[in-house]
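See structure below.
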Amino acid sequence: MIDHLTLTAANYEKSKAFYAQALAPLGYLLLKEFGDDVAGFGVGDRLDFWLANGSAATRPVFHLAFAAKERAQVDAFHAAALAAGGRDNGKPGTREGRPPNDYCAFVLDPDGQNIEAVCRGLG
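Here it is in structure tokens:
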């Protein structure tokens, strides 16, 4: 079980704004900041995604997936991420080779990280 994950962002402010907007449809909020260097996101009081200021994005992080409770959240995540400056890397839908109830969408964040929202059911 993974407790939390931290990504390093080349442009901290831009990435912080991107994730605040892109993850809002999944219930994530910016819950804590330490100065101008670290931001903690989570749902409720559970901080499980952190963003740190750095001179270059950490590599390699090829794929980070966030859980969605329903398909509408996946759609909203994709739209919010694109509106926040992300680049489309896979429109919302099902995918060949994955379970038929998996509904997901992919975007590239400001540092080119592949970010997914996935609903594993018919919700």
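Here the numbering used here is used: the first residue of the sequence shown is 11, the next is one more, and so on. Where a beta carbon is used, it is the ideal one built from N, C-alpha and C, also for glycine.
Residues bridged to residue i [DSSP beta-bridge criterion]
i: THR16; result: TRP60
i: LEU118; result: ARG97, ASN124
i: GLU43; result: ALA49
i: LEU74; result: ILE125
i: TYR22; result: Paired residue(s): none; TYR22 is not in a bridge.
i: TYR113; result: CYS129
Check whether residue i and residue j have beta carbons under 8 Å apart
i: SER25; j: ASP112; result: no
i: ALA77; j: VAL128; result: yes
i: GLY50; j: LEU41; result: yes
i: ALA75; j: THR18; result: no
Environment of residue i [buried if 16+ CB atoms lie within 10 Å]
i: GLU23; result: exposed
i: GLY122; result: exposed
i: ASP47; result: exposed
i: ASP85; result: buried
i: GLY96; result: buried
Any chance the region 46-62 sits against the region 99-110, with 3 or more Cβ pairs inside 8 Å? no
Could you tell me whether the region 29-36 touches the region 90-101, using the rule of 3 or more Cβ pairs below 8 Å? For the pair of segments examined, the region 29-36 was found to touch the region 90-101: the number of CB pairs separated by less than 8 Å reaches three.
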